[in-house]
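Chemist: Dropping the structure in here first, questions after.
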Amino acid sequence: MDFKDSVLQLSERIGKQKDSIATEEATKNAFILPLISALGYDVFNPFEVVPEVDCDLNKKKGEKIDYAIKHDDEIILLIECKHCAQNLNLHDTQLRRYFAATNARFGVLTNGIEYRFYTDLEKPNIMDDKPFLVVDMLDLSDADIEQLKKFHKSYYDVSKILDTAQELKYTTQLRSVLSGEFNSPSPDFVKYITKQVYDGVVNQKVLEQFTPLVKRAISGIVNDAISERLGIAMRSVDDAPKVAAPEPAADAVPSDAPVSAPQKELPPGVVFIDEERGIVTTQEEIDGYLIVKAIVRSVVDVSRVTYRDAQNYFSVLMDDNNRRPICRLRLNAKSVKYIGLLDAERNETKHEIKSLDDIYNFADALRAAAASYA
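Read in order, the letters of the sequence shown correspond to residues 20 to 393 in our numbering.
Structure (structure tokens):
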């Protein structure tokens with residue numbers, strides 16, 4: 020099994036088991052050690068994976084990091100672990116202390132589901148305030164897997180990772196700034212854009228006139244890009260060659276022998292299948308998404324409401340950002356269907372629904388979730 024398959028298999032297992040994990044130790048054994056193993060390190064070899072490493076600068080408190088990963092007999096990565104339900108925002112200062120006590124260039128804070136990767140780009144041996152990479156094991160992209168792979172024992176190159184870290188850090192910040200401007204253009208941004216098309220003096224009155232125009236123009240560009248991508252995807256499906264069954268020859272094998280079957284059409288009720296990631300998107304999920312979108316349109320611009328499908332649930336998001344969830348729909352089980360509502364710490368509460376109409380029973384909670392990102 021290659022690295023990608025191992026990580027995706029672990030992702031699926033985490034989705035199934037996370038609600039049954041009661042302790043930090045169980046989180047380590049079920050979620051974190053398997054990823055370390057997938058990265059090529061022998062978790063039973065103390066020369067590669069060292070548990071409970073002393074990271075106490077003052078040699079008084081006995082502070083220890085959960086795991087230190089060694090490569091060529093040097094500590095390259097510190098991993099601080101928390102229970103899978105823990106909010107990681109409460110624990111980054113702890114990792115910062117550990118980081119300063121060693122020569123490791125990378126530190127990871129994780130609850131087994133979310134992995135935050137840190138380094139010292141700003142000051143040597145002082146961990147940066149913000150991670151350069153955040154990976155959600157329940158919402159993995161191909162790009163996430165490629166970044167994780169750089170920490171694999173067979174591919175580890177500190178210089179390449181540091182170069183990537185710097186690029187990722189600033190790219191992430193730029194995306195955040197641009198996302199903010201696209202969602203709610205600042206006066207300076209509107210003024211800059213307006214000057215490209217307006218020859219007069221850009222005063223307050225002109226800014227007020229152009230602000231909604233700029234917002235609509237941005238929404239139009241985003242929607243056009245989405246439509247174009249969907250169109251390309253649909254055309255690629257339509258243009259795919261159809262495989263016909265071969266004509267039997269005169270000396271053909273018996274009629275009950277297997278022959279090549281025609282290309283299968285999508286099953287009833289299915290609108291998209293990602294065979295590589297094992298994701299099936301159904302019409303029922305799309306209908307549920309449209310209901311949520313209709314509910315929250317009174318509090319947010321619906322062009323910001325998007326969705327992402329995963330193996331275990333269908334997410335309705337703001338700004339195509341998995342850290343801005345409105346809800347999760349779990350509709351693929353044959354027996355029971357759920358809508359999942361998340362609190363500020365992204366803890367999910369699942370509510371059983373009999374049909375899509377029941378989504379309207381949670382309208383207030385959905386609007387509140389969407390409005391919190393407005």
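Yeah, the Cβ is synthetic: ideal placement off N, Cα and C, and Gly gets one too.
Within the continuous alpha helix (DSSP H) that includes P206, where are the two ends?
Modeler: Against the sequence shown, residue 206 aligns to sequence position 187. Segment P206 to V216, the alpha helix (DSSP H) holding P206.
Chemist: Tell me, to the nearest whole angstrom, how far the beta carbon of L140 is from that of K188; I am working on the premise that it is less than 8 Å.
Modeler: Along the sequence shown, read from residue 1 onward, the residue named residue 140 stands at position 121. Along the sequence shown, read from residue 1 onward, the residue named residue 188 stands at position 169. Their Cβ separation, rounded to whole angstroms, is 6 Å, which keeps L140 and K188 in contact under 8 Å.
Chemist: Enumerate in chain order the residues of its own chain whose CB-to-CB distance from E99 is below 8 Å, with the five nearest sequence positions on each side excluded.
Modeler: Here residue 99 corresponds to residue number 80 of the sequence shown, with the count starting at 1. Cβ neighbours of E99 beyond the five flanking positions: I84, D85, H110, Q113, L114, Y117, G126, V127, L128 and T129.
Chemist: How many Å lie between V225 and A236 at the Cα?
Modeler: Locating residue 225 in the sequence shown gives position 206, counting from the first residue. Locating residue 236 in the sequence shown gives position 217, counting from the first residue. About 16 Å.
Chemist: Who are the near neighbours of D328 in its chain, counting only those whose CB is closer than 6 Å to its CB and skipping five residues on each side?
Modeler: Mapped onto the sequence shown, residue 328 falls at position 309. Here the set comprises I298 and T300.
Chemist: So is I145 buried or exposed if we call it buried at 16+ other beta carbons inside 10 Å?
Modeler: As a working note, residue 145 is residue 126 in the sequence shown. So I145 counts as exposed.
Chemist: Are the Cβ atoms of L107 and V26 separated by less than 8 Å?
Modeler: Residue mapping note: residue 107 aligns to position 88 of the sequence shown, counting from 1. Residue mapping note: residue 26 aligns to position 7 of the sequence shown, counting from 1. Taking 8 Å as the Cβ cut-off, L107 and V26 do not qualify as a contacting pair.
Chemist: Could you compute how far the alpha carbon of V62 sits from the alpha carbon of A352?
Modeler: As a working note, residue 62 is residue 43 in the sequence shown. As a working note, residue 352 is residue 333 in the sequence shown. Taking the straight line from one Cα to the other gives about 36 Å.
Chemist: Identify the residues that DSSP records as bridge partners of I98: which are they?
Modeler: As a first step, residue 98 must be located in the sequence shown, where it is residue number 79. Looking at the DSSP assignment, I98 forms a beta bridge with Y86 and V127.
Chemist: Checking 8 Å against the spacing of the C-beta atoms, do L347 and Y392 come in under that value?
Modeler: For this step, residue 347 is matched to residue 328 along the sequence shown. For this step, residue 392 is matched to residue 373 along the sequence shown. With the sequence shown as reference, residue 347 is identified as Arg, and Leu is not the correct amino acid for it. Not a contact, by the Cβ cut-off of 8 Å.
Chemist: Report the rounded CA-to-CA distance for D362 versus Q215, giving the unit in angstroms.
Modeler: Residue 362 sits at position 343 when you count from the first residue of the sequence shown. Residue 215 sits at position 196 when you count from the first residue of the sequence shown. Their backbone Cα atoms lie some 42 Å apart in a straight line.
Chemist: Between E303 and the ligand NAD, is there a pair consisting of the residue's CB and a ligand heavy atom that are separated by less than 7 Å?
Modeler: In the structure shown, the ligand NAD is absent, as is every other ligand, since no ligand is present at all.
Chemist: Below 7 Å CB to CB, which residues in the same chain sit around D339 once its five sequence neighbours on both sides are set aside?
Modeler: Start at 1 with the first residue of the sequence shown, and residue 339 comes out as number 320. The answer, listed in chain order, is T325.
Chemist: Do you know offhand how far E133's Cα is from D376's?
Modeler: The residue labelled residue 133 in the question sits at position 114 within the sequence shown. The residue labelled residue 376 in the question sits at position 357 within the sequence shown. So the two alpha carbons sit approximately 33 Å from each other.
Chemist: Of the residues D38, E82 and K142, which one's Cα is nearest the Cα of T368?
Modeler: Locating residue 368 in the sequence shown gives position 349, counting from the first residue. Ranking D38, E82 and K142 by Cα distance to T368 puts D38 first.
Chemist: How is the alpha helix (DSSP H) around I180 delimited, first residue to last?
Modeler: Here residue 180 refers to the residue found at position 161 of the sequence shown. From DSSP, the alpha helix (DSSP H) with I180 extends over V177 to N202.
Chemist: Which word fits V220, buried or exposed, when buried means at least 16 other C-beta atoms lie within 10 angstroms of its C-beta?
Modeler: Indexing the sequence shown from 1 puts residue 220 at position 201. That one is exposed.
Chemist: What do you get for R316, buried or exposed, if any count of 16 or more other CB atoms within 10 angstroms of its CB means buried?
Modeler: Counted from its first residue, the sequence shown places residue 316 at position 297. Result: exposed.
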